[in-house]
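Before any comments, here is the structure.
Residue numbers (this note's numbering): 12 to 390.
And the structure:
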């Protein structure tokens, strides 16, 4: 339904299966095209608000004021609603000549809702999520993040990953939950996965300059005013921010040697809930841990030796800034905390810290040889 009919714009898309293979060079080219055509680098009239959208927003605001004047409680009017659902999505990411990771998502759903008062909500969820390390140095295929096989039946009625982000005139809220997720912490794999989506600054700048030169009119000076060159407006003062993170039945593995399969490490199991709230000069962080334990086990095994018995505890920190700043920290343990640590366990922990530090400090050679994007033809 178009907004020309004074109704919300609704877009729904569904699909069964999507297979995608993308290299770093292709990703940079796609992002360069999108930034030039959809990011304000192309025709100036594309960046202006649509007259239909403006008219509908004004009508919605007038209707709200009229209803309020009559003593009625009025909610914001929906302007846009977009929904995307896919039964299966598989994505393979490559560097110059070798694979990096393989991502699989089952029952992927994404929703966007925008209201007349400027509020918006983004909802992203998937029933299953698998991230595999496909680098040749790791042996080809190794799970980095996946759903615990013992919880598949239980997860049928829930989502492994669910993220909701809502923004309003004076508040921002992020809610994220992970259910039954196992993670193998391999620093180099996660670093190269993140670097895939990070463009080279000099490369991006040069291509943006070349793209802008190609799109710039050659018959006279630019007529764009200072309003078009102004950056985004700063966030309103005093905006409330809330973050809620929930991790249920989580298994986090810290391996001794991240580049080997036949290695052991320390696994962290349990459930966590993290709450962050910021309002004005006050910031509060609450962390709750339920049935958390530490186990020394092999990478490919699920059984091991416990070094921390299952326990429950909570941490609360409140910080107030301003003329009289103060910080308050509370730590509460619901039951005795029992450690069973040997000398070999201490050596294992030190070896993990050393290997992780060397992994983060080593330069990544994966994208050092990416060819620059071709120069666009002159217009």
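Glycine included, every Cβ here is placed at the ideal spot set by N, Cα and C.
Same chain only: Cβ atoms within 8 Å of residue i, ignoring 5 sequence neighbours per side
i           : result
residue 89  : 19, 124, 125, 126 and 127
residue 25  : 95, 96 and 97
residue 238 : Reliability fails at residue 238, whose pLDDT of 41 lies under 50, so the model's placement of it is uncertain and no value is given.
residue 262 : 159, 192, 193, 194, 278, 279 and 280
residue 105 : 32, 33, 34, 35 and 111
Cβ neighbours of residue i in the same chain (closer than 6 Å, five flanking residues each side left out)
i           : result
residue 173 : 136 and 188
residue 290 : 251
residue 147 : 109
residue 93  : 22 and 123
residue 186 : 175 and 255
residue 27  : 98
residue 284 : 257 and 299
residue 344 : 324
residue 29  : 97 and 100
residue 134 : 122 and 175
residue 297 : 286 and 327
residue 131 : 125 and 178
residue 330 : 294 and 338
residue 167 : With a pLDDT of 47 at residue 167, under the threshold of 50, the modelled position of that residue is not reliable, and the figure given next carries that caveat. Within the same chain, residue 167 has no close Cβ partners at all.
residue 141 : 115 and 157
residue 119 : 97, 100 and 137
Secondary structure of residue i, DSSP reduced to three states
i           : result
residue 40  : helix
residue 35  : helix
residue 92  : strand
residue 175 : strand
residue 363 : helix
residue 23  : strand
residue 160 : helix
residue 334 : coil
residue 87  : coil
residue 351 : coil
residue 131 : strand
residue 200 : helix
residue 149 : helix
residue 345 : coil
residue 356 : helix
residue 138 : coil
residue 108 : coil
residue 208 : coil
residue 308 : strand
residue 370 : helix
residue 317 : strand
residue 46  : helix
residue 327 : strand
residue 180 : coil
residue 170 : coil
residue 254 : strand
residue 117 : strand
Buried or exposed by the 16-neighbour rule on C-beta atoms within 10 Å, applied to residue i
i           : result
residue 35  : buried
residue 171 : buried
residue 143 : buried
residue 195 : buried
residue 273 : exposed
residue 292 : exposed
residue 275 : buried
residue 269 : buried
residue 267 : buried
residue 31  : exposed
residue 342 : exposed
residue 340 : exposed
residue 145 : buried
residue 161 : exposed
Residues of its chain near residue i, where Cβ-Cβ distance is below 7 Å and the 5 sequence neighbours each way are ignored
i           : result
residue 209 : none
residue 236 : With a pLDDT of only 44 at residue 236, under 50, the local geometry of the prediction cannot be trusted, and the value read off the model is given with reservation. Here the set comprises nothing.
8 Å contact criterion, which residue i and residue j should meet: CB distance rounded
i           : j           : result
residue 259 : residue 282 : 5 Å
residue 155 : residue 200 : 6 Å
Test: residue i CB closer than 9 Å to a CB of chain B
i           : result
residue 150 : The chain inventory of the structure shown lacks chain B, comprising one protein chain alone.
With a threshold of 8 Å, are at least 3 pairs of Cβ atoms found where one atom belongs to the stretch 141-161 and the other to the stretch 175-183? no
Does the stretch 340-353 come close enough to the stretch 317-324 that 3 or more CB-CB pairs lie under 8 Å? yes
Under 8 Å, with one C-beta from each stretch per pair, do the stretch 333-345 and the stretch 306-315 reach the 3-pair mark? no
Does the stretch 38-46 come close enough to the stretch 111-118 to have 3 or more Cβ pairs within less than 8 Å? no
Between the stretch 363-374 and the stretch 323-330, can you find at least three pairs of beta-carbon atoms closer than 8 Å? no
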